[in-house]
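97 is the number of the first residue of the sequence shown in my numbering; add one for each residue after it.
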Amino acid sequence: LKELERIIRYDQGLSARVLRIANSTFYGCRGQTHTLTRALVLIGFEQAKRLCLCAMLLELFSSGRVLDPSEKERLWKHAFATARIAGEIAAKRPWTTIEEAYLLGLLHDIGQLVMAVYFPSHYRAIRDLATHRRIFTWYVEAEYGVSHNMIGKWVAVKWCLPEVYQRVVEYHHHPEESPSCKSEVRMIHLANALVLSHESPALLTDMDTLNCCRDLFITDEEWSSYQEKMNDIWPEVDQFWNLLK
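In structure tokens:
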């Protein structure tokens, strides 16, 4: 915790965000936490690490001046929500950890961010066409021949991220095509489906989803519990967005 505190102190913006969160109604100590040390103790080490990661991701989103505020909010909320529900799924899986699942969820759509920042006209054209046709963007990307999955994989390779991150970024929409790390890819596919289900409930029962549940030994009862948990997570997503932005 001391090492994390030392790192945070070097970033005024991050320090302010941590204090702001610790003093929010979310932790029940509104206006009572005056030091970074106390804030980190109150929040807890693991949660503090995740908050720092979310803040860093927000900085990445903010680095692109072409991103309008509503698009930045949409991308960040999707990433955070996917990370949160992925952590819930991971809690019962012996082959991963909550921390790994959280990071995989947070970074799974990094290709969309790169497209939005560096290829804004291409990104906007895809989103507009997807909205017009009432389909998901990855279907339109297939027609364009350049997908956020492939761009994201390129970024993951350039950043020298472990293989599991590369596989999740590239195959989270097509889990059965992944040549390795299939369990992790399936987990993020399910997390992504849960997050997107508020737009398209059919994702909860499509063939890819059912196959992933089967292969990860997720029962119908457990799958229903994740859907309920997703409903509880959305208010948290909104609250943390307002605290971090």
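Every residue, glycine too, gets a C-beta built ideally from N, C-alpha and C. Every value quoted in this text rests on a predicted model; they were computed, and no experiment measured them.
Checklist entry - Should N327 go down as buried or exposed, given a rule of 16 or more other Cβ atoms within 10 Å for buried? => result exposed
Next on the checklist: Can you check which of these residues, A212, L110, L225, is closest to L339 by C-alpha distance?
Outcome noted: L110
Item to check | M283 burial status per 10 Å Cβ neighbour count (16 or more: buried) | outcome: buried
Checklist entry - Between N245 and D107, what straight-line distance do the alpha-carbon atoms span, to the nearest angstrom? => result 31 Å
Checklist entry - Which word fits Y235, buried or exposed, when buried means at least 16 other C-beta atoms lie within 10 angstroms of its C-beta? => result exposed
Next on the checklist: Measuring only the C-alpha atoms, how far is L286 from V242?
Outcome noted: 23 Å
Checklist entry - Is DSSP giving I329 helix, strand or coil here? => result helix
Item to check | Continuous alpha helix (DSSP H) assignments of at least 4 residues falling wholly in the segment 171 to 232 | outcome: 194 to 203, 206 to 214, 216 to 229
Item to check | Reduced DSSP category for S166 - H, G, I as helix; E, B as strand; rest coil | outcome: helix
Next on the checklist: Please classify A186 as buried or exposed, where buried requires at least 16 neighbouring CB atoms within 10 angstroms.
Outcome noted: Burial call: buried.
Next on the checklist: Using the three-state DSSP reduction, which class does G248 fall into: helix, strand or coil?
Outcome noted: helix
Item to check | Chain-order list of residues whose beta-carbon lies under 6 Å from that of Y267 (same chain, five-residue window excluded) | outcome: E273, S274, V281, listed in sequence order.
Checklist entry - Hey, quick one: how far does the alpha helix (DSSP H) through G109 stretch, first residue to last? => result 108 to 118
Next on the checklist: What does the alpha-carbon distance come out to for the pair L132 and L147?
Outcome noted: 14 Å
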